[in-house]
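What follows is a short report on a single structure.
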Amino acid sequence: MQDLNEFIIIHPAASTSAVPQPVVAVPEGTFYTVLEEDQKSDFKWNVNSTKMLIDAYKKYRNKVGTFEVRTMKQMWLIIAKYLSELLKTQISDSNCPNRWRVLDRNYKKYVGNQKSTGRGKKYFDYAEEMDGLFEKNKAVYPEFVL
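As structure tokens, then:
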């Protein structure tokens, strides 16, 4: 069995803590890394990256439960890698589901506001993209309300 020290690279500047933190070597030409859950990402969502997230969700959502993508968590990992490659930045695997929850919540508020009368008009920047995803969702568009 080979020595584990051959596979772990220790950063000399990061050795301030009692336990040295390993740094994974990334091959040259790779523009992305997906951060672990406990690492923070300074990524800020903008209109372009949010639309890419919606498109990636459309692409991979129907594959959940298949051999290719077994769980939702695995889907978010794939989407984070995909967006990291496209945007050439670091996106953690928790950034994508968090942003999706915000989009989902705001879209449902927008739809509820559109159905009620006498309210101030609300606007939602991604309404057209989200309409295609939620047109058959009964949680958003119920058949009748009691």
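Numbering (UniProt numbering) for the sequence shown: 1 to 146.
For each residue, glycine too, the CB sits at the ideal point set by N, CA and C.
By the neighbour-count definition (other C-beta atoms within 10 Å, threshold 16), F43 is a buried residue. Excluding sequence positions up to five before and after M72, its CB lies within less than 7 angstroms of the CB of V64, all in the same chain and listed in chain order.
The closest CA to that of K122, considering only M52, Y110, D131, is found on Y110.
From the listed residues G132, L133, F124, Q74, the smallest Cα separation to V47 is found for F124. Beta bridge pairing from DSSP links V69 with V64. If you look at G112, you'll find it in the alpha helix (DSSP H) that goes 95 to 115. Shown here, Q74 sits in a helix according to DSSP, grouped into three states. Distance between Y126 and C96, taken at the CA atoms: about 16 angstroms.
The beta carbon of M52 sits closer than 7 angstroms to those of L83, L86, all from its chain and outside the five residues before and after it, given in chain order. When the beta-carbon positions are compared, D55 and W76 stay at least 7 angstroms from each other. By the C-beta density criterion, V69 is buried, having at least 16 other C-beta atoms within 10 angstroms. Just so you know, the alpha carbons of K108 and K58 end up roughly 18 angstroms apart.
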